[in-house]
Each structure stands twice: as C-alpha cells, then as structure tokens.
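Chemist: Under this note's numbering, the first residue of the sequence shown carries the number 1, and numbering increases by one thereafter.
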Amino acid sequence: MRGKTALLGIALMVLCAAVIGNVTAQLPEESKDKVIYVSGTGKVTTTPDQAIIVFAVETENADVATAQQQNARQMDAVINAIKNAGIPAKDIRTTGYNIIPVTESSDRPLTTSKVKYYRVINSLEVTLSDVNRAGEIVDLAVTSGANRVDRFSFTLSDAKQQEFRADALTAAVAQARGDANAVAAAIGKTIIDVKEVNVGGNYVPMAYDSRYSGMEKAAGSAVPTPLEVGEIDVTATVSITYIIG
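(1) Give me the Cα-Cα distance between Q162 and Y97, rounded to the nearest whole angstrom.
(2) Could you pull out every residue in the same chain whose Cβ sits closer than 6 Å to the Cβ of S239, ignoring the five residues on either side in sequence?
(3) Taking the straight line between their C-alpha atoms, what separation do you get for R119 and I87?
(4) Spell out a yes or no on whether the stretch 119 to 133 and the stretch 52 to 67 are touching, meaning 3 or more CB-CB pairs, one atom from each, closer than 8 Å.
(5) Roughly how many whole angstroms lie between the Cα atoms of Y242 and K43?
(6) Under three-state DSSP, which class holds G200?
(7) When you compare only the Cα positions, how much space is there between T103 and S144?
(8) Look at D49 and S157 and say whether their C-beta atoms are less than 9 Å apart.
(9) Compare the Cα-Cα distances from F164 to each of G135, I232 and E58 and report the closest residue.
(10) Using DSSP's beta-bridge definition, name the partner residues of E231.
(11) Taking the DSSP output, what are the residues bridged to N98?
(12) Just verifying my parser: in three-state terms, what is the DSSP assignment at G245?
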C-alpha cells in the first residue's frame with residue numbers, strides 16, 4: 001500500500017510540474033526597451049488632374065424592345081460624339097445597364113400587377129485627363145442624347161496620388177520625429193532607434209451630384225455648364241514607436 005501511495009504522489013508531482021511548465025512558457029517576455037509613442041499628420045494641397053463623369057441614357061416604352069432600341073441609338077450617338085471630341089476609347093466604359101418594368105398599382109389583393117411600360121437605363125463613365133474640358137464634355141454628351149448626368153468628380157490620377165502621398169508621408173514623419181525629440185529631451189532622454197511604424201491617411205475627391213444641371217441642359221439651355229476644379233487635400237498619418245535611452 002505504501003508503495004502505491006508513493007507512486008501516486010510521484011505521479012501527481014510530475015503532472016503538476018508539467019502544468020506549471022506549460023503556463024510559464026505561455027507568459028510573454030517583458031520588453032526591456034524604454035519607448036515613447038508619437039503620431040504625426042502631413043497634408044499636401046494640390047489641384048486635381050482628372051475628372052470622372054457618369055452620364056446615362058434613360059428611355060421608356062410600353063414595348064421593351066422599342067425602349068432598348070431607342071436607348072441604343074441615343075447612347076451610340078453619345079459615345080461617338082465623345083470619341084470624336086478626342087477622348088480615347090480606353091477612358092470610356094459602360095458602368096450599368098438596367099431594364100425596369102414599371103407596373104400599375106392595384107387595390108385588389110392577390111392580383112398580378114400589370115406592366116405599364118419598361119424603363120431602360122444605360123450608364124457611361126468618362127475619365128478626362130484634362131479637367132478644364134469637363135464642362136465641354138458634359139454639354140456635348142447631353143446635346144448628343146444623354147438625358148442624365150448622374151455624377152462627376154475631380155480626382156487625382158494614380159501617379160499623382162502616389163507622388164503627393166509620398167510628400168504627405170514625409171511631412172507626417174517629420175512632425176512625429178520633431179515631437180519625439182521634444183518629449184525625449186524634456187525627460188532627459190535621446191532617441192536611439194525606431195521600434196514600430198504604422199501608416200494611414202487618404203484624400204477625398206471633390207464630388208458633385210449634377211443630375212439637375214444635366215436635365216436643365218437637356219431642356220435646351222444654351223448656357224455652358226460651369227465646373228470649378230478647386231483643390232484637393234492629400235493627407236497621411238503615421239504612428240511611430242521610438243526607443244529612447
């Protein structure tokens with residue numbers, strides 16, 4: 001009996017040692033670095049170099065095929081006019097095509113609604129590398145057959161985004177480093193190294209809802225569509241952990 005008791009005690013001791021060993025191994029090792037955390041924001045203001053305009057042709061007819069054919073004729077005229085104005089085909093793309101049956105409302109429950117007519121909507125996005133031509137292209141598209149100008153925005157091309165984001169990041173890092181040096185000096189320390197960097201930031205394109213101006217133009221106004229380019233802010237943020245000593 002004593003032998004069994006001794007063996008049981010040894011087994012319990014081994015099990016406890018194994019459990020304690022596992023818990024200890026999972027505890028994170030405390031960092032020995034003394035650090036400070038700072039953040040910085042950089043902003044670059046620039047002029048957009050790209051305009052994006054979304055046109056639409058909307059047609060309605062009791063016969064769906066007729067509505068489609070009419071829509072196709074108008075959209076073909078719009079596309080040809082834009083291409084003839086010197087806009088490359090690669091900068092013109094269809095973004096949506098919808099056929100919507102419009103039904104009569106019925107007061108009778110469990111009755112099938114009758115289709116009154118069909119609405120066909122074809123949307124076209126045009127990207128302009130010359131922002132000063134935005135008003136001209138809007139007028140051209142509407143007079144050629146587009147009866148909706150759903151949206152346009154002034155933005156930055158991919159190349160310009162990268163260029164100005166790099167400048168904004170440089171400014172953000174400079175601000176963060178200046179703050180870190182000031183804090184370190186105030187507590188009698190110096191910056192030794194960078195431990196971690198996190199980057200964020202974005203820019204917001206200038207967007208407009210121009211459906212009203214497009215419909216007004218379709219009604220026959222002879223006044224050129226005025227579009228102001230304005231400016232865009234490109235921002236970048238950084239959060240940096242500095243090691244001090």
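Here a beta-carbon is modelled for each residue, glycine too, at the ideal position from N, C-alpha and C.
Modeler: In terms of the structure at hand:
(1) 33 Å
(2) S39 and N198
(3) 29 Å
(4) yes
(5) 23 Å
(6) strand
(7) 30 Å
(8) yes
(9) I232
(10) Its beta-bridge partners do not exist; DSSP assigns none.
(11) I121
(12) coil
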